[in-house]
Amino acid sequence: MRETPYLRHPHHEFLQAAQTALEDPELHRVLGQLHGTLAPRNRQAWAALPRSDEIRQRARAIKDQTLAELDRHLETLARHVERRGGKVHWAADGAEACRIITELLRARGARMVVKSKSMTSEEIHLNEALAAVGIEAVETDLGEYIIQLAGHRPSHIVAPAIHLTLSDVAAILSRAAGRPLPVDRTQLAQFARQTLREKFAQADAGITGVNFAIAQTGSLVLVTNEGNGRLTCTLPRCQIALMGIEKVIPRWEDLGCFLKVLARGATGQKLSVYTQILSGPRRPGEHEGPEELHLVLLDNGRTRILGSPLRESLFCIRCGACLNACPIYRHVGGHAYGGVYAGPIGAVLTPLYDGLVPNQHLPHASSLCGACQAACPVKIQIPELLIRLRDALHHTPGGSSRLEHWAYRLWAATLRRAWLYRLSTWLVARTLGRWKAKEGWLRRLPGGLAGWTSVRDFPAPAPQRFRDWWRSEGAQHPASAAASHEPHGGRP
Amino acid sequence: MTDQASFLAKVRQAAAAGRAYRVHAVDQDPAVAYLGAEGDLCQRLAAEIDAVGGRAVVVDDLPAAAEQLQAWLVEAQAHRAVCWRHPLLEALGVSDLLAAAGIQHWDQALLRDLPEPVWRARVLACDIGITSCDWAIAESGTLVMCAKPGQERVASLLPPWHVAVVHRQQIVPDLIDALLLLAAASGQPAPGETLSAHHHGTDLPSPSPRLPDARIPDGRMPALEAFLPALPSNITLITGPSKTGDMELQLTTGVHGPAHWRVLVIRD
Numbered sequence: 177m178r179e180t181p182y183l184r185h186p187h188h189e190f191l192q193a194a195q196t197a198l199e200d201p202e203l204h205r206v207l208g209q210l211h212g213t214l215a216p217r218n219r220q221a222w223a224a225l226p227r228s229d230e231i232r233q234r235a236r237a238i239k240d241q242t243l244a245e246l247d248r249h250l251e252t253l254a255r256h257v258e259r260r261g262g263k264v265h266w267a268a269d270g271a272e273a274c275r276i277i278t279e280l281l282r283a284r285g286a287r288m289v290v291k292s293k294s295m296t297s298e299e300i301h302l303n304e305a306l307a308a309v310g311i312e313a314v315e316t317d318l319g320e321y322i323i324q325l326a327g328h329r330p331s332h333i334v335a336p337a338i339h340l341t342l343s344d345v346a347a348i349l350s351r352a353a354g355r356p357l358p359v360d361r362t363q364l365a366q367f368a369r370q371t372l373r374e375k376f377a378q379a380d381a382g383i384t385g386v387n388f389a390i391a392q393t394g395s396l397v398l399v400t401n402e403g404n405g406r407l408t409c410t411l412p413r414c415q416i417a418l419m420g421i422e423k424v425i426p427r428w429e430d431l432g433c434f435l436k437v438l439a440r441g442a443t444g445q446k447l448s449v450y451t452q453i454l455s456g457p458r459r460p461g462e463h464e465g466p467e468e469l470h471l472v473l474l475d476n477g478r479t480r481i482l483g484s485p486l487r488e489s490l491f492c493i494r495c496g497a498c499l500n501a502c503p504i505y506r507h508v509g510g511h512a513y514g515g516v517y518a519g520p521i522g523a524v525l526t527p528l529y530d531g532l533v534p535n536q537h538l539p540h541a542s543s544l545c546g547a548c549q550a551a552c553p554v555k556i557q558i559p560e561l562l563i564r565l566r567d568a569l570h571h572t573p574g575g576s577s578r579l580e581h582w583a584y585r586l587w588a589a590t591l592r593r594a595w596l597y598r599l600s601t602w603l604v605a606r607t608l609g610r611w612k613a614k615e616g617w618l619r620r621l622p623g624g625l626a627g628w629t630s631v632r633d634f635p636a637p638a639p640q641r642f643r644d645w646w647r648s649e650g651a652q653h654p655a656s657a658a659a660s661h662e663p664h665g666g667r668p
Numbered sequence: 674m675t676d677q678a679s680f681l682a683k684v685r686q687a688a689a690a691g692r693a694y695r696v697h698a699v700d701q702d703p704a705v706a707y708l709g710a711e712g713d714l715c716q717r718l719a720a721e722i723d724a725v726g727g728r729a730v731v732v733d734d735l736p737a738a739a740e741q742l743q744a745w746l747v748e749a750q751a752h753r754a755v756c757w758r759h760p761l762l763e764a765l766g767v768s769d770l771l772a773a774a775g776i777q778h779w780d781q782a783l784l785r786d787l788p789e790p791v792w793r794a795r796v797l798a799c800d801i802g803i804t805s806c807d808w809a810i811a812e813s814g815t816l817v818m819c820a821k822p823g824q825e826r827v828a829s830l831l832p833p834w835h836v837a838v839v840h841r842q843q844i845v846p847d848l849i850d851a852l853l854l855l856a857a858a859s860g861q862p863a864p865g866e867t868l869s870a871h872h873h874g875t876d877l878p879s880p881s882p883r884l885p886d887a888r889i890p891d892g893r894m895p896a897l898e899a900f901l902p903a904l905p906s907n908i909t910l911i912t913g914p915s916k917t918g919d920m921e922l923q924l925t926t927g928v929h930g931p932a933h934w935r936v937l938v939i940r941d
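These protein sequence lines are chains S and R, in that order. Heads up: the first sequence begins at 177 in this note's numbering, then just goes up one per residue. Heads up: the second sequence begins at 674 in this note's numbering, then just goes up one per residue.
(1) What are the boundary residues of the beta strand (DSSP E) that includes R:N907?
(2) Which value, in whole angstroms, describes the spacing of the CA atoms of R:E789 and R:Q824?
(3) One question on the structure: do S:H160 and S:R287 come within less than 9 Å of each other, judged by their Cβ atoms?
(4) When you compare the CB positions of R:T804 and R:H835, do they come within less than 9 Å of one another, or not?
(5) Looking at the unbroken beta strand (DSSP E) that takes in S:F388, where does it start and where does it end?
(6) Would you mind reading off the limits of the alpha helix (DSSP H) that contains S:Y597?
(7) How would you write the range of the beta strand (DSSP E) that R:Q777 sits in, first residue to last?
(8) Between the stretch 374-383 of chain S and the stretch 356-365 of chain S, do three or more beta carbon pairs fall short of 8 Å?
(9) With a threshold of 16 other CB atoms inside 10 Å of the CB of S:T607, please say whether the residue is buried or exposed.
(10) Look at S:F491 and S:F434 and say whether their C-beta atoms are less than 9 Å apart.
(11) Under 7 Å between beta-carbons, which chain S residues line up against R:V684? List them in chain order, please.
(12) For S:F634, which residues does DSSP report across the bridge?
(13) Look up S:L469 in the DSSP assignment and say whether it is helix, strand or coil.
(14) Run through the stretch 806-843 of chain R for me and flag every whole beta strand (DSSP E) of 3 or more residues, listed as ranges in chain order.
(15) Which two residues bound the contiguous beta strand (DSSP E) that contains S:L281?
(16) Just how far apart, CA to CA, sit R:P703 and S:G616?
(17) Can you tell me where the alpha helix (DSSP H) holding R:D919 begins and where it ends?
(18) Establish whether the CB of R:A943 and some CB of chain S are separated by less than 9 Å.
(19) For the stretch 908-930 of chain R, list every residue whose C-beta sits within 7 Å of some C-beta in chain S, in sequence order.
(20) Can you pull the DSSP bridge partners for S:Y450?
(21) Return yes when at least one heavy atom of the ligand SAH lies under 8 Å from the C-beta of R:L910, else no.
(22) How is S:T213 classed by DSSP in three states: helix, strand or coil?
(23) Is S:R205 buried or exposed, if buried means 16 or more other CB atoms sit within 10 Å of its CB?
(24) What is the rounded straight-line gap between the Cα of S:E230 and the Cα of R:V696?
(25) From this set, R:I776, R:G727, R:L708, which residue's C-alpha is nearest S:A224's C-alpha?
(26) Rounding to the nearest angstrom, what Cα-Cα distance links R:V755 and S:V386 in this structure?
(27) Name the chain S residues that come within less than 7 Å of R:D700, Cβ to Cβ?
(28) Going by other Cβ atoms of all chains shown within 10 Å of its Cβ, with 16 needed for buried, is R:M818 buried or exposed?
(29) Please list, in chain order, all residues of the same chain as S:R669 whose beta carbon is under 8 Å from its beta carbon, the five residues on each side excluded.
(30) From this set, S:H332, S:V334, S:E315, S:I333, which residue's C-alpha is nearest S:L325's C-alpha?
(31) Within 9 Å (strictly less), CB to CB, does S:M295 reach chain R?
(32) Does S:T408 come out as helix, strand or coil in the three-state DSSP assignment?
(33) Can you tell me where the alpha helix (DSSP H) holding S:G295 begins and where it ends?
(34) Is S:S543 buried or exposed, if buried means 16 or more other CB atoms sit within 10 Å of its CB?
(35) Counting C-beta neighbours from all protein chains within 10 Å, is the total for S:S630 16 or more, i.e. buried, or is it exposed?
(36) How about S:K263 and S:G382: do their beta carbons lie closer than 9 Å?
Right under this line is the structure:
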């Protein structure tokens with residue numbers, strides 16, 4: 177199997193990891209498939225949805241309103257979950273959430289638990305915490321199961337094993353099976369189905385995430401395509417659901433709008449295959465579903481973000497649409513980002529949750545093209561957030577280089593003084609514009625600027641400034657200049 | 674241990690500070706997400722089910738439905754079946770059809786009297802599950818199922834084949850209609866009734882073919898204060914066979930749930 181050394185550093189250098197990823201042709205081939213699958217499906221889904229922009233605006237407005245009174249909605253949610261017979265736990269950080277969950281499981285004498293996919297559990301490193309107390313956690317989403325066996329971390333929010341080829345998957349599952357399995361998707365899926373069925377039947381508890389929690393009714397909503405989420409909250413006798421506090425929605429009626437945009441954002445489906453609305457544990461007379469239901473509400477830095485200019489990042493419903501749309505993600509893959517969350521939203525979330533300085537390349541891992549924002553079901557202004565992070569980085573000690581700092585100071589000073597600006601454009605036109613250009617392009621820039629020209633040309637400045645042209649010709653033909661809207665109107 | 678009061682106090686403070694950074698989102702009419710479905714809802718439902726990788730057949734009456742079901746039983750090569758106890762399945766004579774096909778079968782109402790390990794082992798060994806649904810959504814090709822004794826969700830989850838029988842009267846145009854109906858059916862309990870006894874009592878659904886009526890109450894969602902006490906403990910929406918894209922983003926079916934999803938739509 178291919179070596180993936182860039183997985184081993186928890187806080188590695190983005191540029192170095194990206195370079196490693198760029199040199200991996202197999203990774204490129206699998207990521208390239210996003211072009212023909214998830215990325216266009218997302219665009220087609222928005223195109224086929226009448227008034228899609230208004231629907232996404234509605235989802236966005238609900239998120240904004242909910243966050244404005246988040247404490248009230250959480251209080252209502254907790255009251256209603258308990259009214260239905262669930263138990264609510266409050267976790268200030270990941271360590272506390274892990275402690276709550278391990279203690280619940282130890283109190284039940286649990287040895288093995290099944291998990292349906294939860295990015296929040298990845299965020300708090302729950303599996304490691306469970307392993308430390310001798311509880312086996314089995315991931316049941318096929319992608320998560322594969323990467324758990326391989327010892328990798330998820331490289332995509334909804335397709336965690338996207339970095340692996342089919343033959344990698346066959347090799348990983350063959351090792352688990354103890355016999356060679358064919359490189360055939362159906363047979364590999366059957367192997368996972370049979371193996372995991374036994375785990376479901378034996379598990380002492382099920383651990384799930386939460387896609388939406390409805391405060392009004394105390395209901396937890398869980399969305400999957402494989403059905404592992406259904407099995408996780410049908411067969412085990414105890415269910416523990418872990419959610420970040422931003423996942424609450426106020427009303428029953430809000431659910432329709434969110435389910436519609438989530439499925440379209442994630443995979444372009446009208447609805448995901450299985451949506452479960454769980455309202456309390458099993459009731460008298462029922463004989464499936466958990467007898468015990470626990471909800472762990474996690475802060476882990478969310479309140480810090482809630483009161484900050486980057487509050488909008490809490491709108492995220494974890495659909496992965498921005499990853500599929502991002503030209504950077506499609507080239508470097510998820511592991512290059514180093515954090516739990518990859519892609520454009522990961523470039524926002526990882527510095528926020530994990531520290532800006534250790535992740536200082538992430539806010540720059542974007543061309544700010546805006547494809548992420550266009551794909552987002554709640555229209556998060558990701559480029560804007562990245563710019564805010566770049567700005568914050570600039571004002572953080574150790575966050576920007578001295579050279580860059582002075583370059584920007586010089587730039588700002590130049591733009592503030594008209595005479596200095598005129599002088600600098602005159603100089604550039606006289607030098608670079610006249611001497612270095614070949615057919616309008618600069619092939620090589622000096623010093624630190626060479627990074628740009630190592631992979632592409634730079635447009636050369638025109639030999640004559642517009643200002644000079646206007647003075648010599650434009651002003652003498654006011655009629656023709658006004659008739660044409662082109663800045664070079666009247667000139668061949 | 675963080676207690677609720679201190680946790681919420683921190684959230685309250687942050688939410689207040691965050692109001693300075695609210696986005697200028699335009700509040701849209703809640704009805705904007707309603708898409709609906711025009712024309713023949715049976716045909717639309719069937720078309721959407723086909724589009725998501727299931728197979729749906731629209732038939733005119735019960736005899737035609739029985740014939741189609743028999744064909745599917747042959748195709749599935751089933752040996753053991755688990756079935757809902759449901760008026761529509763009884764009207765269709767599902768247990769006679771299964772017996773005639775030589776398929777061993779369990780009505781979930783019978784399984785419930787067995788000890789849990791026994792019924793669980795029996796259900797896990799079944800190769801086909803036969804259910805109806807509470808409502809079907811034409812716009813997306815979705816079946817809505819509410820947890821009820823005798824209509825357990827394992828029937829639509831564990832076997833590799835799931836066949837659902839849907840009647841025209843159960844079809845609604847949009848997801849939002851189904852959510853409205855669920856809210857209307859889960860409203861305030863009558864005085865004296867407790868949460869667990871209401872709507873989910875231990876009585877099985879009456880065998881008379883009285884189907885849930887899919888008329889939309891009044892198009893209004895419940896007030897924010899309405900807790901919907903009688904909401905079922907589990908509501909499942911099913912839109913397709915079990916799918917995964919986890920191997921090179923190529924669609925693979927049947928990884929955890931049923932790989933084969935068939936829906937019989939009775940127009941009668």
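In this text, a Cβ means the ideal position worked out from N, Cα and C, and glycines have one as well. As the structure is a prediction and not an experimental result, all values here were calculated from the model.
On the basis of the data shown:
(1) Here the beta strand (DSSP E) through R:N907 covers 907-911.
(2) C-alpha separation (whole angstroms): 16 Å.
(3) Any property of residue 160 of chain S remains undetermined from this structure, which presents chain S solely from 177 to 668.
(4) Contact flag set, yes.
(5) Looking at the DSSP string, the run of the beta strand (DSSP E) that includes S:F388 is 388-390.
(6) For S:Y597, the enclosing alpha helix (DSSP H) stretches over residues 594-606.
(7) Judged by DSSP secondary structure, R:Q777 falls within the beta strand (DSSP E) whose first and last residues are 777-780.
(8) These segments do not touch.
(9) When all chains shown are included, S:T607 counts as exposed.
(10) Not closer than 9 Å, so no.
(11) The contacting residues are L246, D247, L250, I421, T479.
(12) DSSP lists S:L618 as partners of S:F634.
(13) DSSP places S:L469 within a strand segment (E or B) once states are collapsed to three.
(14) Counting only runs of 3 or more, we get 808-810, 815-819, 834-840.
(15) Looking at the DSSP string, S:L281 is not in any beta strand (DSSP E); the run it does join, the alpha helix (DSSP H), is 270-283.
(16) Taking the straight line from one Cα to the other gives about 54 Å.
(17) Not the alpha helix (DSSP H): R:D919 falls in the beta strand (DSSP E), residues 916-920.
(18) There is no way to answer for residue 943 of chain R, as the model of chain R reaches only from 674 to 941.
(19) Per Cβ criterion, the list reads I908, T909, L910, I911, T912, G913, S915, K916, T917, G918, D919, M920, E921, L922, Q923, T925, G927, V928, H929, G930.
(20) Its beta-bridge partners are S:T400, R:I911.
(21) Among the components of this structure there are no ligands whatsoever, and the ligand SAH is therefore not found.
(22) In the three-state scheme derived from DSSP, where H, G and I count as helix and E and B as strand, S:T213 is classed as coil.
(23) For S:R205, the number of other beta carbons within 10 angstroms of its own is below 16, and it is reported as exposed.
(24) The straight-line gap from Cα to Cα measures roughly 15 Å.
(25) Selected option, being the one with the closest Cα: R:L708.
(26) Cα-Cα distance, rounded: 30 Å.
(27) Residues of chain S whose Cβ lies closer than 7 Å to the Cβ of R:D700 are, in chain order, A237.
(28) Counting Cβ neighbours within 10 Å, R:M818 comes out buried, since at least 16 surround it.
(29) Residue 669 of chain S lies beyond the stretch modelled for chain S, which goes from 177 to 668, so this question has no answer here.
(30) S:E315 is the residue among S:H332, S:V334, S:E315, S:I333 whose C-alpha sits nearest the C-alpha of S:L325.
(31) S:M295 does not count as touching chain R.
(32) Of the three classes helix, strand and coil, the one that applies to S:T408 here is helix, per DSSP.
(33) Correcting the residue identity first, residue 295 of chain S is Met in this sequence and not Gly. Unbroken alpha helix (DSSP H) run through S:M295: 295-299.
(34) S:S543 counts as exposed, since fewer than 16 other beta carbons sit within 10 angstroms of its beta carbon.
(35) Counting the other Cβ atoms within 10 Å of the Cβ of S:S630 gives fewer than 16, which makes it exposed.
(36) Remark: C-beta atoms of S:K263 and S:G382 do not approach each other more closely than 9 Å.
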